[in-house]
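There are 2 protein chains.
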Amino acid sequence: MSRSELFQHQQLLQSFRVRCLIPDLPEAEALLPLLRQIDANAWYSNFGPLVHRYEEMLGVLTGAQTLGGEAVTLSSGTAALVLGLRALDLPVGSRVLLPAFTFAATLLAVREAGLVPVLGDVDAEDWTLTPDIARALCTRHDIQLVLPVGSLGAALPAEQWDDFVASTGVRVLIDAAAGLGVQRVGRRTPVAYSLHATKPLGIGEGGVFATADATLAERVRRSSNFGFVGGAIAQPGLNAKMSEYAAAVGLVQLDRWPKLHRLRQALWQTYREALAELPGVRLQQLAQAPAMIVARHQAGAAAMQHTFAAAGIETRRWYLPPLHRHPAFLTVEVRGPEGDTRLPVTEALESEALGLPFHTRLGRNDIEAVVATLRAVGA
Amino acid sequence: MSRSELFQHQQLLQSFRVRCLIPDLPEAEALLPLLRQIDANAWYSNFGPLVHRYEEMLGVLTGAQTLGGEAVTLSSGTAALVLGLRALDLPVGSRVLLPAFTFAATLLAVREAGLVPVLGDVDAEDWTLTPDIARALCTRHDIQLVLPVGSLGAALPAEQWDDFVASTGVRVLIDAAAGLGVQRVGRRTPVAYSLHATKPLGIGEGGVFATADATLAERVRRSSNFGFVGGAIAQPGLNAKMSEYAAAVGLVQLDRWPKLHRLRQALWQTYREALAELPGVRLQQLAQAPAMIVARHQAGAAAMQHTFAAAGIETRRWYLPPLHRHPAFLTVEVRGPEGDTRLPVTEALESEALGLPFHTRLGRNDIEAVVATLRAVGA
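So the protein lines, in turn, are chains A and B.
With our numbering applied, the first sequence covers 48 to 426.
With our numbering applied, the second sequence covers 48 to 426.
Okay, structure coming up:
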């Protein structure tokens, strides 16, 4: 698509009566005091004062600081994955287990880091690649790193992944693209986050790598500035730094987070209660609100999508098709739980899952409209 | 260096009486109307309205639009080089000629794109790798692409590079990292620009790829959004999109450009006239103001740097050491004009060149102080 076509396509989406996702970012006036600080500092990138402060707060939020580590800001969640994977310094060609039910960036980052992806299935309840799934596959197959994904914003059990590392010797990096605010780092388990506009703590474009290992954090930070050490390149890097403008948005967004989080929790509870009564409908089983709410319906995703569109309600096929269906990934190795290449849960999600509207501008009426529409799918 | 060390190092730089480079970016109040537009749009990335408008203006500024092409915004100048090189679709392992006198990102991007760098020398007058230098080397060596650099913000002759492509069949991509505002695209010659804070048209972090070839522009844009085409990945990409916030800064900066450009031209003229009298001093020969002013002094860079530091004047060794001196690049192939690995002009710059203060906050007094200090170096 050309720029004009892309633009028109996006504008079309705005015609829905109920949008699937409207980002909730700081208003201009709230940014102003920090923008004035940037003016006064005349410092716009390269580890400036706002990035410094934002990283300190992210270190606390992710739990990295308590464990003696740090959070490093980056230009995107994909950059956090790529530079994080490279900093782990696995031999080129090492094999990385990741779920087939995730956004394409997870796999693209693995390849960009010179590693070989191997796709596994996810758990039927929380739709994530669990330590149990990884343990079974690592016993049967040669895997050097597991890259579990906090599916749709789910928080993964960092301590269980620490135990997995300790007991198997296989490294772990969590892809919590949509999980900033709820996903914490483990002692042995670093985490990559996205700050893309679609994320609950989003700032537009950006990413974070957080780890309990201060040396690893330093390697990632250095590689985000070309690999410079004292004016020369020792270990090649790229440019993946965050600007002071992006950090300004991030700082205000962090201030807003407790309130945003409470609001999202309340909306999620409303959805859960309303959907609990509907026959044929299942939700991802989680302890707190995800970034996106996805429903499974035994009538199938196509029927749902059609009914919602007719009602003027926008839906999204988050993470779908699963990775092994993308034309670029058809030759990627797939390892199912039964020893063949079938991924039962992922494939059930492929045919039955659809993302429902979920954002802070949703009113009770909107949620009622979504639920009523979903009820009509089953009828 | 840890985050704290980096931060303290940067703060130390601010203690100089005359700074080498102070970015000149829009003030907070000037950004406010565009930030309010972002609020109203509730659209923060993925080819939004501000990016759309900014790209249209960049298409005009770079000359791409007149030639039937486009400008594509990206997350950094390095991303513009990497994605631009990949979009040209050369076989993996193709050999790329670039100057040894450039910023490390040029070479890092070549390698990141899966290509093999070959380092050449620059011209004694304008310090760039000219079509003549490239023609001589391409006759003797196997080269599939030339990546000339607009050294220190110099504008390269796009039409001459078009002729080079037509007559040799060797592809060309211009690295005009510091050249947005003065470097135009050729019919056959695309250009990558940086929008880093240190650039005259900088916005903090960002990049631009501009080309007369609309299909090439579309490939680069697609690869900046993971390679998605209609919801699936056909050709792998990464995330290198520009946020609406970054585009807001860019739009205001473009408005300011005519005034900024005139001011920079005037300061550069003042420098040229004052330095013309100084024995032993030489400047880069250009038709208009570069991004950074670098002086050669026969007394040597070390003597200059020492004298300036003692006078409280900050200087910078832009592009130095040259690429073949970086620990990570010691094994890169070097091809000198005499058939050996000596690069006479680059190596003269290595021992004699130093970046002088050059930014829009410099007063006439500051320039007089710089000139007086440079005179003392020769004494």
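Yeah, the Cβ is synthetic: ideal placement off N, Cα and C, and Gly gets one too.
In this text, all values refer to a predicted model and were calculated from it rather than measured experimentally.
Boundaries around serine 241/A are those of the beta strand (DSSP E), 238-241, since no alpha helix (DSSP H) includes it. Taking 9 Å as the Cβ-Cβ cut-off, the region 117-129 of chain B approaches chain A at Glu117, Val119, Ser122, Ser123, Gly124, Thr125, Ala126, Val129, given in chain order.
Each of Gly251/B, Pro247/B, Ala257/B was checked against the Cα of glycine 233/B, and the nearest Cα belongs to Ala257/B. A residue is called buried when at least 16 other Cβ atoms come within 10 angstroms of its Cβ; threonine 113/B does not meet this threshold and is exposed. DSSP places glycine 228/B outside both helix and strand once states are collapsed to three, so it counts as coil. At a cut-off of 7 Å between C-beta atoms, glutamate 206/A does not count as an interface residue with respect to chain B. Leaving aside the five residues that flank glycine 347/B on each side, the residues in its chain whose CB is nearer than 8 Å to its CB run, in chain order, Ser398, Glu399. Excluding sequence positions up to five before and after valine 392/B, its CB lies within less than 8 Å of the CB of Phe148, Asp168, Val169, Asp170, Ala171, Trp174, all in the same chain and listed in chain order. Assignment of alpha helix (DSSP H) within the region 332-412 of chain B, counting only whole runs of 4 or more residues, yields 348-357, 391-399 in chain order. Taking the CA atoms as reference points, glycine 386/B sits about 24 Å from proline 374/B. A straight line joining the alpha-carbon of glutamine 282/A with that of glutamate 102/A spans about 23 Å. Nearest neighbour of glutamate 159/A by Cα position, chosen from Ala111/B, Gly110/B, Leu192/B, Ser270/B, turns out to be Ser270/B.
Residue contact check for glycine 106/B against chain A: no CB pair falls below 7 Å. In chain order, Gln207, Trp208, Phe211 place their CB closer than 7 Å to the CB of proline 178/A, counting only its own chain and leaving out the 5 sequence neighbours on each side. Where phenylalanine 256/B is concerned, the enclosing beta strand (DSSP E) starts and stops at 254-258.
Every unbroken stretch of the alpha helix (DSSP H) spanning 4 or more residues and falling wholly within the region 182-235 of chain A is given here in chain order: 205-215. In the structure shown, isoleucine 180/B falls within a helical segment according to DSSP collapsed to helix, strand and coil. Within the region 121-166 of chain A, complete alpha helix (DSSP H) segments of at least 4 residues are found at 124-134, 151-159, given in chain order.
Taking alanine 127/A as reference, the option from Leu285/A, Met339/A, Thr362/A, Ser214/A with the minimal CA-CA separation is Leu285/A. The DSSP-derived three-state label of glycine 106/B is helix. For histidine 243/B, the residues of chain A that pass the 7 Å Cβ criterion are Ser92, in the order they occur in the chain. The C-beta of isoleucine 280/A comes closer than 7 Å to at least one C-beta of chain B. Pairing proline 70/B with glycine 216/B gives a Cβ-Cβ distance that is not under 7 Å. In terms of beta-carbon proximity, phenylalanine 211/A stays away from the interface with chain B, with every pair separated by 7 Å or more. For leucine 298/B, the enclosing alpha helix (DSSP H) has its first and last residue at 291-323.
Note on geometry: alpha-carbon atoms of alanine 358/A and threonine 245/B lie some 51 Å from one another.
A direct Cα-to-Cα measurement between glycine 402/B and tryptophan 365/B gives close to 6 Å. The C-beta separation of glycine 197/A from alanine 225/A comes to about 7 Å, placing the pair in contact by the 8 Å criterion. Between glycine 116/B and alanine 264/B, the gap from beta carbon to beta carbon is short of 7 Å.
Close CB contacts of arginine 363/A within its chain, under the 6 Å cut and outside five residues either way in sequence, are with Cys67, Gly402 (chain order).
Under the DSSP assignment, valine 267/A falls in the alpha helix (DSSP H) whose first and last residues are 261-270.
In the displayed model, glycine 327/B falls within coil according to three-state DSSP, outside both helix and strand. Using beta-carbon distances, serine 290/A counts as an interface residue toward chain B, with a partner under 7 Å. Close CB contacts of tyrosine 91/B within its chain, under the 8 Å cut and outside five residues either way in sequence, are with Ile85, Ser290, Glu291, Tyr292 (chain order). Only residues of its own chain outside the window of five on either side were considered, and among them Ile340, Ile414 have a CB closer than 7 Å to the CB of tyrosine 318/B, listed in chain order.
For aspartate 179/A, the nearest beta carbon of chain B is not closer than 7 Å to its own beta carbon.
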